[in-house]
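Student:
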Amino acid sequence: MQPTTANASAVSAALAEQAESVCRHFLPNGRREGRYWIVGNVHGSPGKSLVIRLRGPGQPGKWNDMATGDHGDLLDIIRHRSPGSNFRDALAQARAFLAIPQTPPAPGPASAAERGPSSTALRLWNLCKPIPGTHAEAYLLARGIRNCSHASLRFHPALHYRERDDVRTLPALVAAATDPHGRITGVLRTYLDPERPAKARVPAPKKALGSIIGSTVRFAAPKTDACIVAGEGIETVLSILTAYPGSAGAATLSAAGLGAFDPPPERRIAIARDRGPDGIAAAMRLAERCMAAGNAFRILPPVLEDFNDDLVAFGPEGIRRGLAPS
Numbered sequence: 000m001q002p003t004t005a006n007a008s009a010v011s012a013a014l015a016e017q018a019e020s021v022c023r024h025f026l027p028n029g030r031r032e033g034r035y036w037i038v039g040n041v042h043g044s045p046g047k048s049l050v051i052r053l054r055g056p057g058q059p060g061k062w063n064d065m066a067t068g069d070h071g072d073l074l075d076i077i078r079h080r081s082p083g084s085n086f087r088d089a090l091a092q093a094r095a096f097l098a099i100p101q102t103p104p105a106p107g108p109a110s111a112a113e114r115g116p117s118s119t120a121l122r123l124w125n126l127c128k129p130i131p132g133t134h135a136e137a138y139l140l141a142r143g144i145r146n147c148s149h150a151s152l153r154f155h156p157a158l159h160y161r162e163r164d165d166v167r168t169l170p171a172l173v174a175a176a177t178d179p180h181g182r183i184t185g186v187l188r189t190y191l192d193p194e195r196p197a198k199a200r201v202p203a204p205k206k207a208l209g210s211i212i213g214s215t216v217r218f219a220a221p222k223t224d225a226c227i228v229a230g231e232g233i234e235t236v237l238s239i240l241t242a243y244p245g246s247a248g249a250a251t252l253s254a255a256g257l258g259a260f261d262p263p264p265e266r267r268i269a270i271a272r273d274r275g276p277d278g279i280a281a282a283m284r285l286a287e288r289c290m291a292a293g294n295a296f297r298i299l300p301p302v303l304e305d306f307n308d309d310l311v312a313f314g315p316e317g318i319r320r321g322l323a324p325s
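Numbering (numbering that gives the first Met the number 0), first residue to last: 0 to 325.
Structure below.
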């Protein structure tokens with residue numbers, strides 16, 4: 000689609016209308032998660048810190064980098080992707096891109112979710128069952144996780160999986176992502192190997208349905224004032240809860256989500272970060288939010304890549320020893 004005017008706002012608006020095509024072209028190392036494109040940074044590195052909105056509500060094409068605090072639109076992305084180029088060069092690249100007819104992405108489960116993400120996710124959630132005695136429980140137990148009976152986790156024996164030409168059904172652990180009011184906005188499906196208690200051997204064993212940005216998978220604690228363990232992954236948070244079973248948990252499902260997590264008032268927050276620059280940056284962003292809100296907090300660093308790796312390698316006692324005050 001050729002923009003009707005030469006000004007930057009018209010070009011930016013035209014890019015926003017084709018936000019997913021723009022992201023696939025200029026940021027091919029990223030991936031779609033529900034209504035968003037997730038990538039490492041404006042230069043297109045692999046990772047999870049940069050979040051670009053693909054469709055409403057809100058303005059498509061707008062992005063935020065949770066690691067740096069930077070934000071902008073798709074025209075800014077094009078400028079950053081061409082080192083040494085100026086704004087005029089970026090406009091020229093954008094016009095050239097928009098002049099090429101775009102083939103819309105093939106419809107699939109995710110695009111259906113975008114037409115009604117929360118209701119689609121809720122329908123799927125209602126088709127699932129509690130995980131005790133299921134393949135999902137076997138998977139979590141194999142990862143060293145105990146007390147798998149959380150209300151936010153369920154199991155489906157045969158969920159549709161699609162990755163380009165790969166179409167099949169697989170068992171899945173399904174986690175409900177809820178907003179601060181407890182409404183289910185999306186689900187995270189962890190596809191499992193039907194023959195063994197492990198993730199499926201597929202390119203993307205974890206897939207979101209609906210809207211998970213700004214929502215979390217919550218794990219309740221016996222006491223309402225318990226410390227909240229906040230981390231990216233479900234397995235990461237459940238690993239800390241295995242070592243400290245009196246704690247509550249909040250899995251944000253991405254580094255971007257961890258950096259944007261809103262700590263509840265007056266609650267202590269344990270930030271279970273992953274290794275690597277994205278995990279460290281997200282933890283620091285959340286620490287800043289805790290300081291601004293007056294929440295007591297502590298950043299928990301893993302020994303290996305994440306706390307689930309630590310749990311498998313060292314057990315709950317090993318995690319407690321590693322986190323004990325020196």
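Think of the CB as a built atom: it goes at the ideal place given N, C-alpha and C, for glycine as much as any other residue.
It should be emphasised that the depicted structure is a prediction, and the values quoted were computed from it without experimental measurement.
Give me the residue from Ala203, Gly143, Leu126 with the minimum Cα distance to Arg163.
Tutor: In the sequence shown, counting from the first residue as 1, residue 163 sits at position 164. The shortest Cα separation from Arg163 among Ala203, Gly143, Leu126 belongs to Ala203.
Student: Can you check whether the CB of Ala282 is closer than 9 Å to the CB of Arg267?
Tutor: Locating residue 267 in the sequence shown gives position 268, counting from the first residue. Locating residue 282 in the sequence shown gives position 283, counting from the first residue. Not closer than 9 Å, so no.
Student: Kindly confirm or deny that the region 67 to 76 and the region 236 to 253 touch, where touching means at least three C-beta pairs closer than 8 Å.
Tutor: Judged by Cβ distances under 8 Å, the region 67 to 76 makes no contact with the region 236 to 253, as fewer than three pairs qualify.
Student: To which residues does DSSP link Phe218 through a beta bridge?
Tutor: Counting from 1 along the sequence shown, the entry for residue 218 is found at position 219. Paired residue(s): Gly248.
Student: Among the candidates Arg182, Ile279, Gly258, Leu303, whose CA atom is the shortest distance from the CA of Cys289?
Tutor: Along the sequence shown, one-based indexing puts residue 289 at 290. Of the candidates Arg182, Ile279, Gly258, Leu303, the one whose C-alpha sits nearest the C-alpha of Cys289 is Gly258.
Student: Roughly how many angstroms separate the alpha carbons of Gly230 and Tyr190, rounded to a whole number?
Tutor: Within the sequence shown, residue 230 is the residue found at index 231, counting from 1. Within the sequence shown, residue 190 is the residue found at index 191, counting from 1. For Gly230 and Tyr190, the distance between alpha carbons rounds to 20 Å.
Student: Out of Arg34, Leu299, Leu139, Cys22, point me to the one whose CA is closest to Ala197's CA.
Tutor: By one-based count along the sequence shown, residue 197 stands at place 198. Nearest of Arg34, Leu299, Leu139, Cys22 to Ala197, Cα basis: Leu139.
Student: With a Cβ-Cβ cutoff of 9 Å, do Leu322 and Ala242 count as a contact?
Tutor: The sequence position of residue 322 within the sequence shown is 323, counting from 1. The sequence position of residue 242 within the sequence shown is 243, counting from 1. Yes, the pair counts as a contact, with Cβ atoms nearer than the cut-off.
Student: Please report the distance separating the alpha-carbon of Thr168 from that of Gln92.
Tutor: Residue numbering aside, residue 168 sits at position 169 when the sequence shown is read from its first letter. Residue numbering aside, residue 92 sits at position 93 when the sequence shown is read from its first letter. Whole-angstrom Cα-Cα distance: 41 Å.
Student: Using the Cβ count rule (16 or more neighbours within 10 Å means buried), how would you classify Thr223?
Tutor: Your numbering for residue 223 matches position 224 in the sequence shown. Burial call: exposed.
Student: Looking only at its chain, what residues have a beta carbon closer than 7 Å to the beta carbon of Ile77, apart from the 5 residues adjacent to it on each side?
Tutor: Reading the sequence shown from its first residue, position 78 is the one you call residue 77. Counting only Cβ-Cβ distances below 7 Å, and skipping sequence neighbours, we find Phe25, Ala89, Gln92, Ala93.
Student: If we ignore side chains and look at the alpha-carbon of each, how far apart do Pro39 and Asn28 end up?
Tutor: For the purposes of this step, residue 39 is taken as the residue at position 40 of the sequence shown. For the purposes of this step, residue 28 is taken as the residue at position 29 of the sequence shown. Checking the sequence shown, residue 39 turns out to be Gly, not Pro. In a straight line, the C-alpha of Gly39 is about 8 Å away from that of Asn28.
Student: Give me the Cα-Cα distance between Ile99 and Glu16, rounded to the nearest whole angstrom.
Tutor: Residue numbering aside, residue 99 sits at position 100 when the sequence shown is read from its first letter. Residue numbering aside, residue 16 sits at position 17 when the sequence shown is read from its first letter. Confidence at Ile99 is low in this model, with a pLDDT of 39, below 50, so the placement of that residue should be treated as unreliable; the coordinate-derived value is given next. Roughly 14 Å between the two C-alpha positions.
Student: In the DSSP output, which residue or residues are listed as bridge partners for Leu49?
Tutor: As a position in the sequence shown, residue 49 is number 50, starting the count at 1. BP columns for Leu49 point to Val38, Asp64.
Student: How would you label His42, buried or exposed, when you count the other beta carbons within 10 angstroms and need 16 or more for buried?
Tutor: The residue you call residue 42 lines up with position 43 of the sequence shown. The residue in question, His42, is exposed, as its Cβ has fewer than 16 Cβ neighbours within 10 Å.
Student: From the DSSP secondary-structure annotation, give me the bridge partner or partners of Leu237.
Tutor: Here residue 237 is taken as the residue at index 238 of the sequence shown, counted from 1. Per DSSP, none; premise fails for Leu237.
Student: On the CB-based measure, 16 or more other CB atoms within 10 Å of its CB, does Pro315 come out buried or exposed?
Tutor: Taking the sequence shown and counting its residues from 1, the one referred to as residue 315 is at position 316. Buried is the call here.
Student: If we cut at 9 Å on Cβ distances, does Arg30 have a partner in chain E?
Tutor: Absent from the structure is chain E; it holds one protein chain and no more.
Student: Taking all protein chains shown into account, decide if Pro264 is buried (16 or more other Cβ within 10 angstroms of its Cβ) or exposed.
Tutor: Counting from one through the sequence shown, the residue named residue 264 turns up at place 265. Counting Cβ neighbours within 10 Å, Pro264 comes out exposed, since fewer than 16 surround it.
Student: Starting from Ile144, trace the beta strand (DSSP E) both ways and give me its first and last residue.
Tutor: Counted from its first residue, the sequence shown places residue 144 at position 145. It is not in any beta strand (DSSP E) - Ile144 carries neither H nor E in the DSSP assignment.
Student: From this set, Leu74, Tyr35, Ile239, which residue's C-alpha is nearest Val311's C-alpha?
Tutor: What you label residue 311 is simply residue 312 of the sequence shown in a count that begins at 1. Val311 has its Cα closest to that of Ile239, out of Leu74, Tyr35, Ile239.
Student: At 3 residues or longer, what runs of the beta strand (DSSP E) sit wholly inside the region 177 to 204?
Tutor: Fully enclosed beta strand (DSSP E) runs of 3 or longer: 183 to 190.
Student: Around the C-beta of Lys128, are 16 or more other C-beta atoms found within 10 angstroms, so that it is buried, or is it exposed?
Tutor: Indexing the sequence shown from 1 puts residue 128 at position 129. Result: exposed.
Student: Taking Glu234 and Arg142 to be in contact with their CB atoms under 8 Å, please state how far apart those CB atoms are, rounded to whole angstroms.
Tutor: Here the question's residue 234 lines up with position 235 in the sequence shown. Here the question's residue 142 lines up with position 143 in the sequence shown. With a Cβ gap of about 6 Å, Glu234 and Arg142 count as contacting.
Student: Strictly by DSSP, which residues pair up with Ile270?
Tutor: Mapped onto the sequence shown, residue 270 falls at position 271. Beta-bridge pairing links Ile270 to Ala229, Ile298.
Student: Considering only the beta carbon of each residue, do Asp277 and Gly46 sit closer than 9 Å?
Tutor: Walking along the sequence shown from the start, residue 277 turns up at place 278. Walking along the sequence shown from the start, residue 46 turns up at place 47. Yes, these two residues count as a Cβ contact at 9 Å.
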